[in-house]
Amino acid sequence: MIQIEELGRVLGKILSMVIGLKNSGNIKESYQTTYNELLNNTNIDLDNLLASGDDQIKELLNKKFHGRSDLYITLANILFEIAETEQNPEKQRNIYTKSYVLYELSVQMSKTFSLEVHTKMDRIKQLINI
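First residue of the sequence shown: -1, per the numbering used here; consecutive thereafter.
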């Protein structure tokens, strides 16, 4: 099983990769590459995550992340970046929604206020009207 510190580094690497793909215009490649990287390196099935309810997500990730809010934020950032490039409006809304759920979970766990997290949560609320 992957160590928690290593998991943080792997998620950070995946986030950098997603941002790089997005910035280089490789939009179609972004989701599939992210899916493969998450599954192969963290055993997180992105399709399963996006199809899960909020309680299922919390249960699944609590086991993997051991309550580390920073890992929730990094995964939420990955989803946020993917959502920004998604062409299908329904799928985009779902990805933004799951990203929002992860940000919410991080806020519940964290003892500190994160302006970045709250800014992204506000942006998601505006984008998907929640």
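Where a beta carbon is used, it is the ideal one built from N, C-alpha and C, also for glycine. Please read all numbers here as calculations on a predicted model, not as lab measurements.
Span separating the alpha-carbon of Asp65 from that of Tyr33
Your numbering for residue 65 matches position 67 in the sequence shown. Your numbering for residue 33 matches position 35 in the sequence shown. First, the amino acid is wrong: residue 65 is Gly here, not Asp. Looking at the two C-alpha atoms, the distance is approximately 23 Å.
Just to confirm the assignment, what range does the alpha helix (DSSP H) spanning Arg121 have?
Along the sequence shown, one-based indexing puts residue 121 at 123. From DSSP, the alpha helix (DSSP H) with Arg121 extends over 113 to 126.
Straight-line gap, Gly51 to Asp43 (C-alpha atoms, nearest Å)
Taking the first residue of the sequence shown as position 1, residue 51 is located at position 53. Taking the first residue of the sequence shown as position 1, residue 43 is located at position 45. So the two alpha carbons sit approximately 14 Å from each other.
Judging by CA-CA distance, which residue of Ser22, Leu59, Leu48 is the nearest neighbour of Thr40?
Walking along the sequence shown from the start, residue 40 turns up at place 42. It is Leu59.
If you follow the alpha helix (DSSP H) that Thr32 is part of, which residue opens it and which one closes it?
Counted from its first residue, the sequence shown places residue 32 at position 34. Looking at the DSSP string, the run of the alpha helix (DSSP H) that includes Thr32 is 25 to 40.
Simplified DSSP assignment, three categories, for Arg7:
Against the sequence shown, residue 7 aligns to sequence position 9. Arg7 falls in the helix class under three-state DSSP.
Does the beta-carbon of Glu114 have 16 or more other beta-carbons within 10 angstroms, so that it is buried, or is it exposed?
As a first step, residue 114 must be located in the sequence shown, where it is residue number 116. So Glu114 ends up on the exposed side.
Please state whether DSSP places Thr83 in a helix, a strand or coil.
As a position in the sequence shown, residue 83 is number 85, starting the count at 1. Helix at Thr83.
Is it the case that the stretch 20 to 37 contacts the stretch 94 to 111, given that we only count it when at least three CB pairs across the two stretches are under 8 Å?
no
Extent of the continuous alpha helix (DSSP H) run through Ser61
Within the sequence shown, the letter at position 63 stands for residue 61. What sits at residue 61 in the sequence shown is Lys, not Ser. Element bounds for Lys61: 52 to 63.
Quick check on DSSP: helix, strand or coil for Gln1?
In the sequence shown, counting from the first residue as 1, residue 1 sits at position 3. In the structure shown, Gln1 sits in coil (DSSP, three-state: anything other than H, G, I, E or B).
Asp45 - DSSP class collapsed to helix/strand/coil
Locating residue 45 in the sequence shown gives position 47, where the first residue counts as 1. In this structure, Asp45 counts as helix in the three-state DSSP scheme.
Taking 8 Å as the cut-off, decide whether the C-beta atoms of Glu82 and Lys20 are in contact.
Sequence index remark: in the sequence shown, residue 82 carries index 84 (1-based). Sequence index remark: in the sequence shown, residue 20 carries index 22 (1-based). Contact flag set, yes.
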